[in-house]
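Input: a single structure, listed below in structure tokens.
In our numbering, the protein residues as written are 43 to 239.
Shown next, in the form of structure tokens:
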């Protein structure tokens, strides 16, 4: 058989078939890569949410001790203390990220009210147990702030990738939803908090 006698249409067909096969392989590799990137981003967001949960757990565990210490000095402030416990219980039972954000806001406000109660009672501010618990609470609040910042960073990466073309095509196919940031929705919360014991 003479190699020069090969039909040019056959050669063109082979070239087109090879190009199509390469394009399909490249497309499959890209889709797989984007899919895996979304999985990784979602897991990072879950890990960041878990970090917040850990700090919140520390906060929840500390609050009953703080409340009991305040109770001894401010027996007639029971409504404030009951609100703190109710906010804590609501926060513990929150399941979704949105529920956790709302519960966290309510608990933060309730904790601020304890600080207001503490300002009314000079003896309480001087109590070593109260001061230790308050310092632990400050540390936990700083951890929470860092955890929220980390969570928002991971959510930003995920949401950005989810919205950008052409990766949004894969995100829509995977039915991925936008994740919510931990944000302040109350203008009062944007102001500096006066914490004094």
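Glycine included, C-beta positions come from ideal geometry on N, C-alpha and C.
Keep in mind the model is a prediction, meaning the values are calculated, not measured.
- Residue 94 and residue 193 have their alpha carbons spaced roughly 8 Å apart.
- For residue 71 and residue 79, the gap between their C-alpha atoms comes out near 12 Å.
- Taking a cut-off of 8 Å on C-beta distances, the region 167-182 touches the region 90-105, as three or more cross pairs fall below it.
- Taking a C-beta distance under 9 Å as the contact criterion, residue 158 and residue 108 do not qualify as a contact pair.
- The beta-carbon separation of residue 203 and residue 209, rounded to 5 Å, stays under the 8 Å limit for a contact.
- The region 210-220 and the region 74-91 touch, with three or more beta-carbon pairs separated by less than 8 Å.
- Rounded to the nearest whole angstrom, the C-alpha separation of residue 207 and residue 220 is 15 Å.
- Cβ neighbours of residue 129 within its own chain (closer than 6 Å, five residues either side excluded): 148, 149 and 152.
- Counting along the chain, residue 174 sits inside the alpha helix (DSSP H) bounded by residues 170-205.
- Residue 146 counts as buried, since at least 16 other C-beta atoms from the protein chains shown sit within 10 angstroms of its C-beta.
- In this chain, the alpha helix (DSSP H) harbouring residue 213 covers 209-215.
- The beta strand (DSSP E) runs lying completely inside the region 44-115 and spanning 3 residues or more number zero.
- CA-to-CA, the gap between residue 56 and residue 50 works out to about 10 Å.
- The residues 102, in chain order, have a CB closer than 6 Å to that of residue 134 in the same chain once the five nearest residues on each side in sequence are set aside.
- Looking at 186, 191, 144 and 225, the one whose alpha-carbon comes closest to that of residue 96 is 186.
- Counting only the Cα atoms, residue 89 lies some 32 Å from residue 124.
- Annotated three-state conformation of residue 137 is coil, per DSSP.
- Comparing C-alpha distances from residue 144 to each of 170, 177 and 223 shows the shortest one belongs to 223.
- For residue 124, the secondary structure class from DSSP, reduced to helix, strand or coil, is helix.
- Measuring C-alpha to C-alpha distances from residue 171 to each of 132, 111 and 127 identifies 111 as the nearest.
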